[in-house]
Amino acid sequence: MEFRVLAEAYEKLEATRGRLEMMAILSELFKEAKSDEIDKIIYLSQGVIAPPFEGIEVGLGEKFVEEAISLATGYQVKKVEEVYRRTGDLGKTAEELLLSKKQMSLFSHPLSVQKVFDNFMKMAKTSGAGSQDAKIKRLAELLNNATPKEASYIARFPVGKLRLGIGDPTILDALSAYKAGDKSLREELERAYNLCSDLGLVARTLFSDGIEGIRKFRIKVFNPIRPALAERLPSAEEIIEKIGKCAVERKYDGLRMQIHKQNEKVEIFSRRLERMTHMFPEIVAGVRKQVRAKDAILEGEALAYNETSGEYYPFQLTMQRKRKYGVKEKAEEYPLKLFAFDILYADGEDFTKRPYHERRKTLERLIAYGDVLKLSEMMVADDPKELEAFFEESIEKGMEGIVAKDLNAEYVAGARKFAWIKLKRSYKGELADTVDLVIIGYFLGKGMRAKFKFGGLLCAVYDEKEDVFRSVAKIGSGFSEEQMKQFEEMLGRIKVDHKLARVDSEIKPDFWVDLTYVVTVAADEITRSPTHTAGKGKGESGYALRFPRMVDLRGDKSPEEATTVAEIIEMYKMQKRTQLEET
Ligand code: ATP
């Protein structure tokens, strides 16, 4: 495929205001792709060159892209900087300067998708002395052969600013529409995606082996599986009512890890499925020593633990272990323990289809006694009082609460189901749980805050069915001066001049932003609201948070992993039930 075709599709995608239209443009684009290029088209459209767990990034800063533009156009870097300052966009800068290019290329070939992808991949793989220069040259080569429009996308790519905002569900729907003309294959495609977390691979398989190939999809060690998630319920009684006799585990407040092992090779993936193996040498060593299987995929929560006092350290301390530098020193200061709670694969067998009680037995059998890996503490309860007592004890020990697990449920990859139910401590007059919201826009400071170019956030929850972000809260409190400064900078960098296609909001902030950041938010309760669009039906009100306040930035979640509209409605119902019980 010529890159021109992709650039034209991007232009259309940028102009759409609706998700269905976005899907239609993509499925039309897929019709023009061959099976050996569809994966590249998908990666490029998502602004990456490989699935996130591969950790392969082009990694070129703005200054270097400016140099590449200068090299390709013949304009001095100073001139490039000047245009960039005016337009605020490296893509527009490249486009404008290429239009009035000083030097003509000697010969220019039409660029192919393959060529653009290959150059980006080579840039990503260049390292060591002189690597920046080599990367600049490769980028300049592309820009030199590009039309101004193509150049605008090529220049944005290396700095992570492609800004098409296409979500995974939209791509899955578009693949289904391409193959079947409707959404009927979405579920099967999603299952394959949940097992490998690689949309490029799913698409390539669909193109080369059809839906049969998708049906034959199997777990592969070192391809992370999309994590199972927990539902919420407000009380021990409701949990037992819902799933009956169940397993109850402590809810450890640390870092979720999915660990893959094949012989001596070990990889650790985060909740967002990013590779973080190098940060946790003690866990890698512990897995090698204690896991009694040649191949295995297991999950657990890792946290810092004070061996002398037997206390768990607070979450913030564990988080300090997520770092690039000083890994060894921090690992010695705060070594982590891994509380294993599930097993998904062992020695050629897929355990995700097995019921929890079997998986737990296998986990107990495969983890040898040792210092680093522990089994999550668990009991089986069929009486709410037993569950309640275990919950109280967990809180007393400084934990977040408990996770109850349906003894007969499969491991539901990539979904929030009642197979797992979390129960957390709730305080009177406060929402039982915090929620994780996506920042969709922000407001400028007024009054005391006028000195900042930041005064509050407009936040949304995720509508999984529609792949759309719907507004649920305006947040004006909970920010320290330092945080306001931080937001001013962070959000200033991602502001856009229009509402994105996947955003649904009737409230207009001072600035819209790219969907990038997730924040944890506490509130007093959930109320019905005529102004917010979360859960809003025809002629019906939406839902909103009452007295929302920012707790923290949540770095381990992507926008698609934020709290969903369905969860907000569930929480609203839960709150009503509890209020009735209290009166
Ligand atoms: P939260 O912010 O409440 O941790 P979340 O959105 O990150 O929620 P959920 O799936 O809703 O994730 O809640 C379950 C989370 O609890 C898991 O992601 C995992 O990190 C953590 N956890 C701690 N202990 C356990 C356990 N024993 N079993 C399963 N998950 C556990």
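Numbering of the sequence shown is given in our numbering, commencing with residue 213 and proceeding in unit increments.
All C-beta atoms in this analysis are idealised placements derived from N, C-alpha and C, irrespective of residue type, glycine included.
Bear in mind that the values here come from a model prediction, so they are computed numbers and not experimental data.
Simplified DSSP state of residue i, which is helix, strand or coil
i	result
residue 498	helix
residue 313	coil
residue 257	helix
residue 710	coil
residue 524	strand
residue 472	strand
residue 247	coil
residue 447	coil
residue 394	coil
residue 776	strand
residue 373	coil
residue 196	No information on residue 196 is available, as it lies outside the stretch 213 to 795 that the chain covers here.
residue 766	coil
residue 607	helix
residue 298	helix
residue 437	coil
residue 303	helix
residue 455	helix
residue 348	helix
residue 479	strand
residue 655	strand
residue 323	coil
residue 537	coil
residue 330	helix
residue 546	coil
residue 643	coil
residue 677	coil
residue 427	helix
residue 238	helix
residue 418	helix
residue 214	strand
residue 485	coil
residue 634	strand
residue 761	strand
residue 410	coil
residue 492	coil
residue 663	coil
residue 264	helix
residue 178	As shown, the chain starts at 213 and ends at 795. That puts residue 178 outside it, with no answer to give.
residue 386	helix
Opposing strand residues paired with residue i [DSSP bridges]
i	result
residue 552	512, 587
residue 621	DSSP lists no partner for residue 621.
residue 683	672
residue 442	629
residue 463	613
residue 518	523
residue 593	458
residue 649	731
residue 557	509, 562
residue 503	579
beta-carbon residue i near ligand 2 non-hydrogen atom, thresh 7 Å
i	result
residue 231	In terms of ligand content, the structure shown lacks ligand 2 and carries ligand 1 instead.
Decide if the stretch 592 to 605 is in contact with the stretch 393 to 411; the criterion is three or more beta carbon pairs, one per stretch, under 8 Å apart. Flag = no, the stretch 592 to 605 and the stretch 393 to 411 do not touch.
Can you find at least 3 beta carbon pairs, one from the stretch 331 to 350 and one from the stretch 291 to 305, that sit closer than 8 Å? Taking 8 Å as the limit for Cβ pairs, the verdict is that the stretch 291 to 305 does not touch the stretch 331 to 350.
Runs of beta strand (DSSP E) wholly within the stretch 686 to 756 (minimum 3 residues, chain order): Taken in chain order, the complete beta strand (DSSP E) segments of 3 or more residues contained in the stretch 686 to 756 are 723 to 725, 730 to 734, 737 to 741.
With a threshold of 8 Å, are at least 3 pairs of Cβ atoms found where one atom belongs to the stretch 375 to 393 and the other to the stretch 279 to 292? With the cut-off at 8 Å, the stretch 375 to 393 and the stretch 279 to 292 do not touch.
Does the contact criterion of 3 or more C-beta pairs under 8 Å hold for the stretch 578 to 586 versus the stretch 498 to 507? The stretch 578 to 586 is in contact with the stretch 498 to 507.
Give a yes or no on contact between the stretch 617 to 625 and the stretch 431 to 451, applying the rule of three or more CB pairs nearer than 8 Å. Counting C-beta pairs closer than 8 Å gives three or more between the stretch 617 to 625 and the stretch 431 to 451, which meets the contact rule.
Hey, is the stretch 336 to 344 in contact with the stretch 383 to 397, meaning 3+ C-beta pairs nearer than 8 Å? No, they do not touch.
For the structure I just gave you, are there three or more beta carbon pairs, one from the stretch 661 to 670 and one from the stretch 736 to 747, closer than 8 Å? No: the two stretches stay apart, fewer than three of their Cβ pairs being nearer than 8 Å.
Using 8 Å as the cut-off, can you tell me whether the stretch 460 to 468 makes contact with the stretch 613 to 621, which would need three or more C-beta pairs spanning the two stretches below that distance? With a cut-off of 8 Å, the stretch 613 to 621 and the stretch 460 to 468 count as touching, because enough Cβ pairs lie within range.
At 4 residues or longer, and completely inside the stretch 269 to 298: list those alpha helix (DSSP H) runs for me, N to C. Counting only runs of 4 or more, we get 274 to 285.
Are the stretch 673 to 693 and the stretch 727 to 735 in contact at 8 Å, needing three or more beta carbon pairs? Judged by Cβ distances under 8 Å, the stretch 673 to 693 makes contact with the stretch 727 to 735, as three or more pairs qualify.
Between the stretch 473 to 481 and the stretch 565 to 573, are three or more C-beta pairs nearer than 8 Å? Because the criterion of three Cβ pairs below 8 Å is not met, the stretch 473 to 481 and the stretch 565 to 573 do not touch.
Is it true that the stretch 512 to 519 meets the stretch 541 to 558, where meeting means three or more beta-carbon pairs spaced less than 8 Å apart? They touch, by the three-pair rule.
Would you check if the stretch 553 to 565 and the stretch 536 to 543 touch, i.e. whether three or more CB-CB distances between them fall below 8 Å? Cβ pair count under 8 Å is below three, so no.
When you compare the stretch 710 to 723 with the stretch 757 to 767, are there three or more beta-carbon pairs, one atom per stretch, that lie closer than 8 Å? Below 8 Å, too few C-beta pairs join the stretch 710 to 723 and the stretch 757 to 767 to call them touching: fewer than three.
On the three-pair Cβ rule with 8 Å, is the stretch 378 to 387 touching the stretch 266 to 277? They do not touch, by the three-pair rule.
State whether the stretch 483 to 490 contacts the stretch 251 to 266, with contact taken as three or more CB pairs (one from each stretch) at a distance under 8 Å. They touch, by the three-pair rule.
Is the stretch 468 to 477 in contact with the stretch 648 to 663, if contact means three or more CB pairs nearer than 8 Å? Using a Cβ-Cβ distance cut-off of 8 Å, the stretch 468 to 477 and the stretch 648 to 663 are not in contact, since fewer than three pairs of beta carbons, one from each stretch, lie closer than that value.
Three or more C-beta pairs under 8 Å: does that hold for the stretch 305 to 313 against the stretch 242 to 249? Put simply, the stretch 305 to 313 does not touch the stretch 242 to 249. Fewer than three CB pairs are less than 8 Å apart.
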